[in-house]
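Numbering (our numbering), first residue to last: -2 to 281.
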């Protein structure tokens, strides 16, 4: 089937009380792992391209791979720009065939963030593409985007209501205590803040930096109102761990397929586990 929008998947998730997993796409093996897991779990799925993914694989390859996957899959597949940095980049992704874009104006002043997201939304909505925005700053490092702990700020519920009304995104990523990358300690999510935001905002909410968050906290976030959850770091950990083990067990191996194949299987298992945790298994 053709690529669907993230908004379509997230609205269904919000109504059903679960979250759809969004997994960062950097190469063919990651794509194959994610799609195979989605098929096995009968789950809708979101493929994402970050700044690093676009730089590494190239936008043409990213779109071509995602289209092939979506057209051959029997479950709904969306392709989303993750942490888009500008209006121009969002437009490029829309022209190339992305079904959704996330434009990150969280480092901008409140009014400038609204203006950027509204400008992207006006164009995207006219051509059937959904838009995700971010309010509050999520700490940590993801590819080329770095937010120091001292710069990270929680999402203000009242500001979230005004932001959504004026900027008109389809989804809103909120900062409630998660961080990008590997955690140094156990993250503590602000569920009271999440509940307040959910009560004031009528669009699906997104959780970034979910790799490493305890399962029980993820389940509670989904129950309160998170409808899309991003996973990247745990795929990297599974990939690198499997490659290291393969080369340790077979130091003379030179066949890329035999080196990367086990890594693909390891990532596939992680994706399946996340889909079950998020509650999106069986929802396709």
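Glycine is no exception: its CB is placed at the ideal position from the N, C-alpha and C atoms.
Three-state secondary structure assigned by DSSP to residue i
| i | result |
| --- | --- |
| residue 66 | helix |
| residue 239 | helix |
| residue 202 | strand |
| residue 114 | helix |
| residue 6 | helix |
| residue 1 | strand |
| residue 11 | helix |
| residue 207 | coil |
| residue 176 | strand |
Boundaries of the beta strand (DSSP E) in which residue i is found, first to last residue
| i | result |
| --- | --- |
| residue 228 | 223 to 228 |
| residue 80 | 74 to 81 |
| residue 129 | 127 to 132 |
| residue 124 | Here residue 124 belongs to no beta strand (DSSP E), and DSSP marks it neither H nor E. |
| residue 171 | 168 to 171 |
| residue 99 | 97 to 100 |
Residues sharing a beta bridge with residue i, DSSP
| i | result |
| --- | --- |
| residue 20 | 44, 228 |
| residue 192 | Residue 192 is not bridged to any residue. |
| residue 54 | Residue 54 is not bridged to any residue. |
Beta-carbon proximity of residue i to residue j, cut-off 8 Å
| i | j | result |
| --- | --- | --- |
| residue 23 | residue 50 | yes |
| residue 221 | residue 195 | yes |
| residue 201 | residue 11 | yes |
| residue 97 | residue 65 | no |
Limits of the unbroken alpha helix (DSSP H) element including residue i
| i | result |
| --- | --- |
| residue 264 | 253 to 275 |
| residue 87 | 84 to 93 |
| residue 162 | 154 to 164 |
| residue 36 | 25 to 38 |
Chain D contact for residue i (CB, 8 Å cutoff)
| i | result |
| --- | --- |
| residue 186 | This model lacks chain D altogether; it includes just one protein chain. |
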